[in-house]
Each structure stands twice: as C-alpha cells, then as structure tokens.
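Below: the structure, in structure tokens.
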Amino acid sequence: MSSPSAIAGAVLADAAIESRADAGPRGARPRRAFSRRNVFLYGTLILVAVYYLLPLYVMVVTSLKGMPEIRLGNIFAPPVEITFEPWVKAWATACTGLNCDGLSRGFWNSVRITVPSVILSIAIASVNGYALANWRFRGSETFFAILIFGAFIPYQVMLYPIVILLREIGLYGTLWGLVIVHTIFGMPILTLLFRNYFTSVPEEIFRAARVDGAGFWAIYFKIMLPMALPIFVVAIILQVTGIWNDFLFGVVYTKPDTYPMTVQLNNIVNSTQGVKEYNINMAATILTGLAPLAIYFVSGKLFVRGIAAGAVKG
Amino acid sequence: MNMTATMPTSVSVRDLRLAYGGLTVLDRLNLDIAEGEFVVLLGPSGCGKSTLLNCIAGLLDITDGQVFIKGRNVTWDEPKDRGIGMVFQSYALYPQMSVRGNLSFGLKNARLPRAEIETRIARAAKILQIEPLLDRKPAALSGGQRQRVAIGRALVRDVDVFLFDEPLSNLDAKLRSELRVEIKRLHQSLENTMVYVTHDQIEALTLADRIAVMRGGVIQQLADPKTIYNRPANLFVAGFIGSPAMTFLKGRIEAGGDIATFRAGDATVPLAGYVGEIPAPGGEAILGVRPEHVTVRPAGAGAHAARVDLDEPMGSDSLIWLTFAGQPLSARAGADHGLRHGDAVGLEFDISRASLFDPASEQRL
C-alpha cells in the first residue's frame with residue numbers, strides 16, 4: 097500500500113459522506129393517488145363494471161316488485177314494497193305448456209343432465225388427452241387432428257343425423273340421450289385441453305414412472321391425475337356452464353317432461369297468452385343463471401390458476 | 106486393468122440399431138460392460154449417448170439388435186423387469202408425493218411387503234443422508250437434495266445396474282463436483298454396474314473405469330480414462346478430451362538420421378521416444394500435442410523457436426498461445442512466466458506423450 101492511494105481513498109470516502117447529505121431525490125419514487133394514470137384506469141374499470149352490472153340490478157329490482165309497481169315504468173327505481181311472491185311463483189307454479197309446476201321440474205332435469213354429462217365427458221377426455229400426450233401410437237397425431245376438426249363443425253349440421261341415431265338406439269327424448277350428446281360434443285375441446293396440459297408434464301417423470309413399474313392406469317391415477325387438478329377444475333367449469341346454459345340440444349333431443357331449465361325458462365318468458373309478468377320472468381331468469389354463477393364464485397380463483405398453469409416443476 | 110476378460114458381463118448391447126423412419130440414430134452398436142464396472146458414455150449433444158442409455162433401459166423401442174442384462178436377454182422386456190434403476194437429468198421426482206412416497210412408489214408397484222419397503226427406504230436414506238427429508242415434498246428441496254432423492258429412488262430398487270442420464274447437468278458447479286465425489290463413493294461401496302451419460306469430460310475422466318466416446322451414434326473409442334487421454338484413437342477423441350484442448354500441427358514425416366522426424370514448415374521435430382509405430386517417411390501427418398506436454402524455455406534454449414501471441418492466465422497456471430512454424434500452438438506454463446505478446450521463446454516437446462494422426466482417415470497412426 098503506497099500512501100498516495102490511501103489518501104485518494106480517504107478523499108473518496110469523504111465525498112461519499114457528503115453526497116449522502118444531498119437534498120436530491122432519494123429512495124422510492126413517490127406516487128400520487130390521483131395521478132392521471134390512476135384516474136383513467138379506475139375510471140374505465142368502474143364504467144365497464146357499471147355497464148355490465150346495470151342489467152342485473154334492473155332484473156333483481158324488478159323481480160322484487162309487484163305488477164302494479166312495474167306498470168309505473170320506473171325500471172331503475174328500487175321497489176317500494178318488497179315481495180318475494182314472483183320468486184315463489186317462478187320456482188313452483190309458473191305454467192309452461194301443459195305443466196304448471198314452475199321451473200323446479202326444469203331445474204332437476206338440468207341437474208340430472210349436467211352431472212352425468214360433466215363426469216362422463218371429463219373422465220373420457222382426460223384419459224384421451226393423457227394417452228395422446230404420453231402414449232404416442234401409430235396414427236395418434238392423425239387421430240388427434242380429426243378430433244380437433246370436430247370442434248369446428250357447426251352443430252346444426254349434425255342435429256338431424258343425431259335425432260335418427262338416438263331414435264334407432266331407443267334413447268330419443270330421454271335424459272340419457274342428451275347426456276350422450278353432451279359427452280360427444282364436449283370431447284374435442286376437452287381432449288385438447290387435457291392433452292396440452294399433459295404434454296407440459298416433463299417426459300422424464302413419465303419415464304421414471306415406467307422404470308418404477310407403473311402401467312398405463314397406474315401412471316394415470318397416481319402420477320398424472322394428482323398433478324392435473326387445476327386443469328380438472330377448468331374442465332368442470334367449462335362443462336357445467338356449457339351444459340347448463342345449453343338450449344339447442346335441450347330443445348331438440350328432449351320432450352316437455354324432460355326439458356332442461358333453459359328450455360323451460362324460454363317457455364315461461366315467451367308465452368304469448370295473457371299479461372306479461374315481468375317480475376316472474378326476471379326471477380325465473382336469475383334462478384336459471386344461479387348455477388353457473390355459483391360455480392364461478394366458488395371456483396374463480398382455482399379457474400384462474402388452472403388457466404395459468406403451465407409448466408409443472410418437480 | 107483388463108476387466109472385461111476376467112469378469113462376467115453385466116450389460117451387453119449387440120448390433121443395436123435404432124431408426125426413426127429414415128433417420129438412423131444408432132447403427133450396429135456393440136458394447137460390453139463388465140460386472141461392477143463404471144462406464145461413462147461421453148460425447149457432444151446429439152451423439153446418441155442418451156438414446157443408447159434409453160435403449161438399455163427399455164424406454165425406447167429398438168429397431169434391431171439385442172440387449173442383455175446379467176446374461177438375460179431383455180430386448181423385449183419392460184423397463185421394470187430389466188433389473189435397472191435410472192436417474193434423470195431433471196430429477197423427475199413425482200411432485201405431489203413426499204420423498205418417502207417417491208422412494209416407495211416403485212416398490213409398491215412391485216407389491217413388496219410393507220416391512221421390506223420400510224427397511225429399503227431406511228437403508229437408502231442412510232446411505233444418501235436424506236433421512237431428515239423423508240416427509241418433505243420435492244418442491245421444498247434444493248437441487249442437490251432432489252438429485253440425491255432421485256438416486257435414492259434407483260437405490261431402493263436393489264438392482265444390479267444403475268443408469269444415469271446426465272444427473273449433474275442441472276446443478277451449479279460447486280454442487281456438481283460434490284455430488285460427483287459422492288457418486289464415485291457410492292460406486293465404491295455398492296460395487297454395482299453403472300452406466301453414466303454425460304457431455305462433461307471432467308465427470309467422465311474422474312468417474313469412469315472405462316469411457317466410451319461417441320459421435321454420430323458411433324463409439325469412437327472405448328478405453329480407460331488414461332488411454333483415452335494419452336493415446337486417443339482418432340482426431341475427434343483427441344480434440345474432444347482435454348481442456349485446454351490438444352493442438353494439432355500439420356506436416357509430413359521425413360527420414361532423418363536413425364530416427365524419423367516430423368517437419369512442419371521450416372521446423373523439424375525428431376520423433377525419438379514416440380510410443381507406437383512411426384509411419385514410413387514421405388507421408389502427410391498431424392502431430393497432436395497437449396499444452397502440458399510443451400515446455401516453454403527462454404529464447405535460444407530448447408530445441409525449437411516460437412513467438413508468443415497471447416497469454417491466458419488461469420490462476421494456478423497459464424495458457425500461452427504461440428506461433429510455431431507458422432501454426433498456432435498452445436502451451437502450459439507457470440503463472441509467473443512474465444512473457445508478453447511478441448516475445449521470442451524456445452520450446453521442447455514431450456514426444457513420448459504426443460500423438461500422430463493420418464490427415465485423411467483422422468485415425469491414430
């Protein structure tokens with residue numbers, strides 16, 4: 097160590113101390129709550145939220161009013177006298193064609209259609225996706241391409257052939273006929289979903305499981321399934337909302353006794369006889385929409401996580 | 106040193122061929138591995154070393170040929186029935202299972218009694234020192250711990266042959282050298298047959314009983330590390346093994362007095378002391394010299410003259426790039442050599458450890 101360099105070091109240290117006392121900007125940059133960016137951002141968000149929530153507000157408000165109050169025409173006004181009668185009527189006594197037991201019949205029909213359809217379609221599609229991703233066989237790519245092509249064929253083309261098909265196997269007009277239709281039409285998109293997910297699972301995990309002596313089903317149930325829970329949640333949400341909201345297949349492949357809720361709702365709302373009971377219509381519509389809404393509220397976080405789930409790291 | 110002749114073979118690959126459509130990855134490959142031997146498959150990426158390992162494991166369906174393990178033809182057997190344990194580069198631990206679950210998965214599939222599973226896990230955990238980690242999930246482990254668990258998963262299977270597919274490539278340099286020692290120690294205590302794939306020559310040289318250097322699906326040389334290093338079979342092996350790399354001097358063989366000489370430009374190098382046969386004078390040849398077998402002397406001293414181009418200090422020593430007879434040549438010198446660009450120096454070659462190659466066939470002469 098020579099003395100000039102030591103002096104230079106001391107001078108540098110002095111300068112550093114001085115700069116610490118400077119009055120200039122320091123630390124995190126301050127952020128104003130009402131900056132132009134925030135006003136625009138939150139302003140837009142609030143506007144869009146109001147735009148989307150307004151119809152729901154009108155529906156809830158109208159469903160809680162009596163008919164005389166509705167006839168006043170103030171659709172945005174809150175109810176003066178709150179009544180739950182329209183809800184009870186919509187659920188239990190509203191008439192659709194011949195039956196006058198309200199939406200309740202349609203609700204249970206929809207449950208009996210949705211639950212088996214969701215379970216069946218996801219069970220088959222997940223095994224499909226797993227086989228296509230991990231057990232490549234001769235022609236598996238072609239098979240997959242054909243399956244995906246199915247997602248692009250308009251449903252209308254297949255409506256009538258399927259009517260004949262169901263009639264021939266004796267399932268036309270039954271709930272099980274509709275379950276089969278939903279399972280088949282859910283196959284392309286669900287298989288794609290599962291295949292892409294299982295493809296993102298590292299190949300080496302699959303190989304390690306084979307060395308460990310696990311077969312096709314052991315690897316599926318013990319290794320892949322536990323890793324794929326997020327994507328199962330996504331699939332359940334897709335299928336529940338899709339099948340619950342379905343109208344076309346419901347109206348084509350069932351009879352009045354087995355109509356799903358959506359078809360019954362249409363029949364209540366669109367009945368042309370007598371007075372239009374707006375409060376009952378609103379209540380019936382909200383009731384029909386409750387099932388998918390509940391699913392979104394319960395699983396919203398899981399849904400986002402499932403959509404965002406990409407690489408699985410060991 | 107000749108283990109293959111004295112011990113029974115553990116893994117034997119005969120005329121192995123693997124082709125995807127028109128692309129042949131491995132063609133009529135033969136490899137015999139003795140019991141308890143540690144064989145490293147070494148080569149650049151895409152040389153087919155991992156493919157060969159997967160063929161031995163039964164994870165790839167081969168096109169032609171046979172695979173024997175412990176004298177049993179396992180060509181058509183499932184991986185689990187081959188008596189192998191495998192360790193993968195990305196550890197490939199089952200993320201939703203605890204370490205204990207990972208270790209026991211294969212044993213449960215084999216329907217072993219619970220007590221037996223417990224003893225085997227306890228033994229493997231003790232050997233690998235992962236006892237405190239048994240109830241953790243892989244996500245809560247560090248890279249080195251994960252790889253230890255992956256080795257443990259092969260260990261509990263109680264197999265004769267261990268297959269390692271670049272097990273240390275995902276670890277940082279310090280951990281890599283630590284685990285390298287552990288794997289070597291494991292081999293010493295278990296005395297299992299181990300087949301180890303890597304592209305890292307240091308791993309190969311430190312671990313292997315024998316190294317198979319591969320290129321383009323063909324084994325270029327199969328020999329113990331010393332032979333591979335000192336007497337490479339061809340130019341590829343010579344250039345691939347050794348860091349810093351061997352320098353190659355182009356020239357021709359000439360008759361000179363009682364011993365042949367190698368002439369490059371205006372310099373002549375007498376080949377006295379060369380191990381092996383010196384080809385007849387008149388032919389072209391390539392002389393391969395490793396940097397540590399070139400001694401740099403002050404100008405005037407030494408048999409040959411050269412000029413300094415560049416100095417690469419490496420801490421413990423220094424790599425000096427020289428121009429010798431118009432060709433680049435590297436030499437290893439002490440860290441405090443004090444030479445600079447343009448300095449004239451003298452050189453001496455250790456011909457007994459040099460290699461001569463045929464420029465046309467690239468084979469050792």
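Order-wise, the sequence lines are chains E and R. Counting in this note's numbering, the first sequence runs from 97 upward without gaps. Counting in this note's numbering, the second sequence runs from 106 upward without gaps. Ideal Cβ placement from N, Cα and C applies to all residues, glycine included. Here the structure is a predicted model, which means the values were calculated and not measured.
Checklist entry - What residues in its chain sit with their C-beta under 7 Å from that of R:Met-202, if we drop five residues either side in the sequence? => result Listed in chain order, the non-local C-beta contacts of R:Met-202 below 7 Å within the same chain comprise Phe-210, local neighbours out to five positions each way being set aside.
Next on the checklist: Is there a Cβ of chain R sitting closer than 8 Å to that of E:Pro-257, yes or no?
Outcome noted: Interface with chain R (8 Å Cβ-Cβ cutoff): E:Pro-257 is excluded.
Item to check | Proximal residues of chain E, C-beta to C-beta of R:Gln-201 below 7 Å | outcome: Residues of chain E with a Cβ closer than 7 Å to the Cβ of R:Gln-201 are, in chain order, Pro-322, Met-323.
Item to check | Delimiting residues of the alpha helix (DSSP H) encompassing R:Ala-139 | outcome: Counting along the chain, R:Ala-139 falls outside any alpha helix (DSSP H), though it belongs to the beta strand (DSSP E) covering 128 to 139.
Next on the checklist: Can you tell me whether R:Gly-447 is helix, strand or coil according to DSSP?
Outcome noted: Note: R:Gly-447 maps to coil in three-state DSSP.
Checklist entry - What does E:Ile-319 touch in chain B if you count any residue whose Cβ is under 7 Å from its own? => result Annotation note: the requested chain B is absent from the structure, which comprises protein chains E and R.
Next on the checklist: Buried or exposed, going by whether 16 or more other CB atoms sit within 10 Å of the CB of R:His-446?
Outcome noted: So R:His-446 ends up on the exposed side.
Checklist entry - Would R:Asp-270 be called buried (16 or more neighbouring beta carbons within 10 Å of its own) or exposed? => result Burial call: buried.
Next on the checklist: So E:Ala-241 contacts chain R; which residues on that side make the cut at Cβ distance below 8 Å?
Outcome noted: Within 8 Å Cβ-Cβ: nothing; E:Ala-241 doesn't reach chain R, min ~19 Å.
Next on the checklist: Using the Cβ count rule (16 or more neighbours within 10 Å means buried), how would you classify E:Ser-217?
Outcome noted: Taking all protein chains in view, the Cβ of E:Ser-217 is crowded by 16 or more other Cβ atoms within 10 Å, so the residue is classified as buried.
Checklist entry - Per DSSP, what kind of secondary structure is R:Gln-432 in: helix, strand or coil? => result Strand, per DSSP.
Checklist entry - Between the segment 374 to 389 of chain E and the segment 174 to 190 of chain E, do at least 3 Cβ pairs fall closer than 8 Å? => result Here the segment 374 to 389 of chain E lies against the segment 174 to 190 of chain E, with 3 or more beta-carbon pairs under 8 Å apart.
Checklist entry - Along the chain, where does the alpha helix (DSSP H) that runs through R:Arg-251 open and close? => result Counting along the chain, R:Arg-251 sits inside the alpha helix (DSSP H) bounded by residues 248 to 260.
Checklist entry - If we call anything under 8 Å between Cβ atoms a contact, is R:Asp-169 one with R:Arg-205? => result No. Outside cutoff.
Checklist entry - With DSSP run on the structure shown, which of helix, strand or coil describes R:Pro-272? => result Of the three classes helix, strand and coil, the one that applies to R:Pro-272 here is coil, per DSSP.
Item to check | Neighbourhood of R:Glu-296 by C-beta, 7 Å cutoff - its chain only, sequence neighbours within 5 removed | outcome: Only Gly-141 meet the Cβ criterion.
Next on the checklist: If I measure Cβ to Cβ from R:Ser-457 and keep anything under 8 Å in the same chain, skipping five residues before and after, which residues do I get?
Outcome noted: Hits under 8 Å: Gly-378, Tyr-379, Val-380.
Item to check | Cβ-based contacts, 9 Å cut-off: residues of the segment 163 to 178 of chain R near chain E | outcome: Taking 9 Å as the upper bound on Cβ-Cβ separation, chain E lies near residues Gly-163, Leu-164 of the segment 163 to 178 of chain R.
Checklist entry - Which residues share a DSSP beta bridge with E:Thr-192? => result E:Thr-192 is bridged to E:Asn-195.
Checklist entry - Taking Cβ positions only, does R:Met-319 come closer than 8 Å to chain E? => result At least 8 Å separates the CB of R:Met-319 from every CB of chain E.
Item to check | CB contact flag (R:Ala-245, R:Glu-236, <8 Å) | outcome: No, the pair does not count as a contact, with Cβ atoms beyond the cut-off.
Item to check | Cutoff 8 Å: R:Asn-214 Cβ touching any chain E Cβ | outcome: Answer yes: the Cβ-Cβ gap between R:Asn-214 and chain E drops below 8 Å somewhere.
Checklist entry - Mind checking if E:Arg-232 is an interface residue toward chain R, Cβ cutoff 8 Å exclusive? => result Output row for E:Arg-232: interface = no.
Next on the checklist: Applying the 10 Å Cβ sphere with the 16-neighbour rule, what's the burial state of E:Val-144?
Outcome noted: By the neighbour-count rule (16 or more Cβ atoms within 10 Å), E:Val-144 is not buried but exposed.
Item to check | According to DSSP, residues forming a beta bridge with R:Leu-401 | outcome: Residue 401 of chain R is actually Val in this sequence, not Leu. Its beta-bridge partners are R:Leu-452.
Checklist entry - Is there at least one non-hydrogen atom of the ligand FAD closer than 7 Å to the beta-carbon of R:Arg-122? => result This structure simply doesn't include the ligand FAD, nor any ligand for that matter.
Item to check | Contact set between R:Ile-189 and chain E, taken where Cβ atoms lie within less than 9 Å | outcome: Scanning chain E for C-beta atoms nearer than 9 Å to the C-beta of R:Ile-189 yields Val-307, reported in chain order.
Checklist entry - Between E:Ala-229 and chain R, is there a C-beta pair that is closer than 8 Å? => result So, not an interface residue.
Checklist entry - Quick one: what's got a C-beta closer than 6 Å to E:Leu-228's C-beta in the same chain, skipping five residues either side? => result Take E:Leu-228, set aside five residues on each side of it, and the residues of its chain with a beta-carbon closer than 6 Å to its own are Ser-236, Phe-240, Arg-291, in chain order.
Next on the checklist: In the DSSP assignment, the alpha helix (DSSP H) including E:Ala-221 goes from what residue to what residue?
Outcome noted: Taken as a continuous stretch (DSSP letters only), the alpha helix (DSSP H) holding E:Ala-221 covers 200 to 230.
Checklist entry - Which of helix, strand or coil does DSSP assign to E:Val-267? => result At residue 267 of chain E the sequence reads Leu, which differs from the Val that was named. It is coil, neither helix nor strand.
Next on the checklist: Quick check: what's the CA-CA separation for E:Gly-162 versus E:Asp-342?
Outcome noted: Rounded to whole angstroms, E:Gly-162 and E:Asp-342 show a C-alpha spacing of 31 Å.
Next on the checklist: Against chain E, with Cβ distances strictly below 8 Å, would R:Val-144 count as a contact?
Outcome noted: In terms of beta-carbon proximity, R:Val-144 stays away from the interface with chain E, with every pair separated by 8 Å or more.
Checklist entry - Taking the runs of the alpha helix (DSSP H) that are 4 residues or longer, which of them lie wholly in the segment 134 to 199 of chain R? => result 154 to 162, all fully within the segment 134 to 199 of chain R.
Checklist entry - DSSP beta-bridge partners for R:Phe-267? => result For R:Phe-267, the beta-bridge partners assigned by DSSP are R:Gly-190, R:Met-299.
Checklist entry - Quick one: does E:Phe-328 have its CB under 8 Å from some CB of chain R? => result Not closer than 8 Å to any Cβ of chain R, the Cβ of E:Phe-328 fails to qualify, so no.
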